[in-house]
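Heads up: the sequence lines are chains Z and Y, in that order.
The numbering used here numbers the first residue of the first sequence as 1 and each following residue consecutively.
The numbering used here numbers the first residue of the second sequence as 1001 and each following residue consecutively.
From the three backbone atoms N, C-alpha and C, an ideal C-beta is built for every residue, glycine too.
Okay, so here's the structure we're looking at.
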Amino acid sequence: DTEVTQTPKHLVMGMTNKKSLKCEQHMGHRAMYWYKQKAKKPPELMFVYSYEKLSINESVPSRFSPECPNSSLLNLHLHALQPEDSALYLCASSWSGGRNTDTQYFGPGTRLTVL
Amino acid sequence: GENVGLHLPTLSVQEGDNSIINCAYSNSASDYFIWYKQESGKGPQFIIDIRSNMDKRQGQRVTVLLNKTVKHLSLQIAATQPGDSAVYFCAENNAGNMLTFGGGTRLMVKP
Chain Z
1 DTEVTQTPKH LVMGMTNKKS LKCEQHMGHR AMYWYKQKAK KPPELMFVYS
51 YEKLSINESV PSRFSPECPN SSLLNLHLHA LQPEDSALYL CASSWSGGRN
101 TDTQYFGPGT RLTVL
Chain Y
1001 GENVGLHLPT LSVQEGDNSI INCAYSNSAS DYFIWYKQES GKGPQFIIDI
1051 RSNMDKRQGQ RVTVLLNKTV KHLSLQIAAT QPGDSAVYFC AENNAGNMLT
1101 FGGGTRLMVK P
C-alpha cells in the first residue's frame, strides 16, 4: 500500500478565514512533506517533517503553519491567505527525511481557492 | 542555482509508438533521480527511479536512462497508450531528501 490521503479534496476560503488541510499515511513512513503546485508548474517544496520534527521550512510565509501530531498525520493550518496562495497543495511521505534515496509518495492534493 | 529542466514542454505521439521524454540536470553531485506521472486533477505518481551508479533501469513498459557525462536523464515508454497521457516530471533527490522537479513535459497520445 503506497497510499497517501488528503482532505478536503477542494477548499474555497476567504482571506479572513482559518482552515486546515489534512494528510494521512499508514505506510510507516517517518518523513512527510508539504508541496505547493501552481497550474502548469512543478511542485515546490514548502515543509519537511522528519520523525515528527520540522526539519525544513523553505522560507514559507507564516500564514502557512504546519503541524505533525504523530508519525501518520500532517496538517497545514491556513490563516489570512492571499488570492495568490490559490494552488494545489500536495502532501508526500517517505521512509525517512535524512537519506536522499527514499522515494516520496504523493497524495491526490487539495485544490485551494482563496477569494 | 542548480536545477533540473526539460527540453520539450509538449510531446504528441501516436498510440502504439514509443515515447521518449528528456530531462537535463545541472547538479553533478546528485545521485538519485525519479520520474513522476501526473494526470489532471491528481498528485504525482511514482513511475521509476534510478541511482547514479546505474545507467539504465527497466520497468513495465518504461525505461529510464541516465547519462552522467552530459547530465541527461530520459524516460522511454514503449507502445504508448491513451492512459499514458499526462504530465511527466523528472526529479532530482538532493541531500535531506529534498526533491527538485524539472519543468514537466505534457505527453499527448493520439488514438
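Would you say S20 of chain Z and N75 of chain Z are within 7 Å of each other, going by their C-beta atoms? In this structure, the beta-carbon distance from S20 of chain Z to N75 of chain Z falls below 7 Å.
Keeping to the same chain, check which residues put their C-beta closer than 7 Å to that of V114 of chain Z; ignore five residues upstream and five downstream. Cβ within range, chain order: M13, M15, L81, Q82, P83, D85 and S86.
G107 of chain Z touches chain Y at which residues, Cβ-Cβ below 7 Å? Result: G1043.
In angstroms, rounded to a whole number, what distance separates the CA positions of N1027 of chain Y and G1016 of chain Y? Distance between the alpha carbons of N1027 of chain Y and G1016 of chain Y is about 35 Å.
Answer with yes or no whether the minimum CB distance from L1099 of chain Y to chain Z is below 7 Å. Yes, L1099 of chain Y counts as interfacial toward chain Z.
Buried or exposed for E1039 of chain Y, please, with buried defined as at least 16 other CB atoms from any protein chain shown within 10 angstroms of its CB. Residue environment: E1039 of chain Y is assigned as exposed (fewer than 16 neighbouring CB atoms within 10 Å of its CB, all protein chains considered).
What do you reckon, are the CB atoms on G109 of chain Z and G1043 of chain Y nearer than 7 Å? Yes, the pair counts as a contact, with Cβ atoms nearer than the cut-off.
From the DSSP output, read off the bridge partner residues of R63 of chain Z. Paired residues: none, contrary to the question.
7 Å CB neighbourhood of N57 of chain Z in its chain, flanking five on each side removed: The residues are F47.
Chain Z contacts made by the stretch 1048-1074 of chain Y, where a contact means CB separation under 9 Å: Hits within the stretch, in order: D1049 and R1051.
Helix, strand or coil, according to DSSP, for T1100 of chain Y in the structure here? Strand.
In terms of residues, what are the limits of the beta strand (DSSP E) holding V1109 of chain Y? That run of the beta strand (DSSP E) goes T1105 to K1110.
Buried versus exposed, by CB contacts within 10 Å (16 or more), E1092 of chain Y: Counting Cβ neighbours within 10 Å, E1092 of chain Y comes out buried, since at least 16 surround it.
Proximity test, Cβ basis, 7 Å: G1083 of chain Y and chain Z: Not an interface residue.
Note down, in chain order, each residue of its chain lying with its Cβ closer than 7 Å to the Cβ of V1109 of chain Y, except the 5 sequence neighbours on either side. For V1109 of chain Y, where only same-chain residues beyond five positions count, the Cβ hits under 7 Å are V1013, E1015, T1080, Q1081, P1082, D1084 and S1085.
Taking the alpha-carbon positions, what's the Q6 of chain Z to S1019 of chain Y distance? Q6 of chain Z and S1019 of chain Y: Cα-Cα distance of roughly 32 Å.
Could you name the residues of chain Y that T5 of chain Z contacts, counting a contact when the two beta carbons are closer than 7 Å? By Cβ distance, chain Y contributes nothing, its closest Cβ being about 10 Å from T5 of chain Z, past 7 Å.
Start-to-end residues for the beta strand (DSSP E) that takes in K19 of chain Z: From DSSP, the beta strand (DSSP E) with K19 of chain Z extends over K18 to Q25.
Check whether the Cβ of Y1025 of chain Y lies closer than 7 Å to any Cβ atom in chain Z. Proximity of Y1025 of chain Y to chain Z, defined by a Cβ-Cβ separation below 7 Å, is not satisfied.
Look at the alpha carbon of N1003 of chain Y and the alpha carbon of F1101 of chain Y, and state the distance between them as a whole number of angstroms. With a pLDDT of only 48 at N1003 of chain Y, under 50, the local geometry of the prediction cannot be trusted, and the value read off the model is given with reservation. Near 8 Å, if we compare the C-alpha coordinates of F1101 of chain Y and N1003 of chain Y.
Compute the distance between the beta-carbons of H10 of chain Z and R111 of chain Z, then report whether it is under 7 Å. The answer is yes: Cβ separation under 7 Å.
Would T101 of chain Z count as contacting chain Y if we go by Cβ distances under 7 Å? For T101 of chain Z, the nearest beta carbon of chain Y is closer than 7 Å to its own beta carbon.
Whole-Å CB distance - Y1088 of chain Y paired with L1107 of chain Y, under 8 Å assumed: Rounded, the Cβ-Cβ distance is 6 Å, consistent with contact.
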